[in-house]
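These notes are about the structure you will find just below.
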Amino acid sequence: MTAHVRPLIRALRPALTEEAFDRFSSEAHAQGLVFTAAYDGHGHCAAVATHRVLATSRGRVLFVDDLVTHPGHRSTGMATALMTHLAERARASGCHRVELDSGTANVTAHRFYHARRMTIAALHFTLSVPGD
């Protein structure tokens with residue numbers, strides 16, 4: 011996890027320190043988060059997805075929290091293989107959809123999702139809650 015998955019997730023989320031990743035991964039795994047990695051033919055971690063099955067008022071969904079491909083493996087089919095695996099996992103888990111959020115400025119990712127017949131079905135709104 012720390013040698014393969016952590017560097018890719020941290021590339022996607024640069025503000026996440028190694029220690030914060032370790033805390034996050036432990037807590038999120040206890041909440042049902044699954045880490046799925048795709049490896050190239052040389053044993054290098056090429057792409058990672060974090061996901062969980064959720065029961066919602068719209069039915070069961072496989073929600074992808076994070077999806078990241080190592081820059082050296084983009085456009086090699088790794089993320090497509092990972093998305094295919096996630097769809098199969100969703101089907102096997104009785105889910106009706108795979109859902110994910112993508113940052114509004116991540117146009118390259120949007121092209122990837124549209125090419126896989128994903129649609130924009132909702133807008134995701136956030137409200138920051140000030141802490142101490």
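Per the numbering used here, the sequence shown starts with residue 11, numbered consecutively. From the three backbone atoms N, C-alpha and C, an ideal C-beta is built for every residue, glycine too.
For the alpha helix (DSSP H) that residue i lies in, which residues bound it at each end?
| i | result |
| --- | --- |
| Asp50 | Asp50 -> no alpha helix (DSSP H), and no H or E assigned at all. |
| Ala25 | That residue, Ala25, is in no alpha helix (DSSP H); it is neither H nor E in DSSP. |
| Ala125 | 117-125 |
Is residue i helix, strand or coil by DSSP?
| i | result |
| --- | --- |
| Val58 | strand |
| Ala91 | helix |
| Val15 | helix |
| Arg84 | coil |
| Ser138 | coil |
| Ser36 | helix |
| Ala100 | helix |
| Arg68 | coil |
| Ala132 | coil |
What do you get for residue i, buried or exposed, if any count of 16 or more other CB atoms within 10 angstroms of its CB means buried?
| i | result |
| --- | --- |
| Val117 | exposed |
| Val139 | exposed |
| Leu96 | buried |
| Ala102 | exposed |
| Ser35 | buried |
| Ala40 | exposed |
So if DSSP puts residue i in a beta bridge, which residue, or which two residues, is it bridged to?
| i | result |
| --- | --- |
| Phe73 | Arg62, Glu109 |
| Val78 | Val58 |
Please tell me whether residue i and residue j are closer than 8 angstroms, where the distance is taken between their beta carbons.
| i | j | result |
| --- | --- | --- |
| Met88 | Ala119 | no |
| Ala100 | Leu72 | yes |
| Arg62 | Val44 | yes |
| Arg16 | Glu29 | no |
| Asp76 | Leu22 | yes |
| His80 | Cys105 | no |
| Thr46 | Ala59 | yes |
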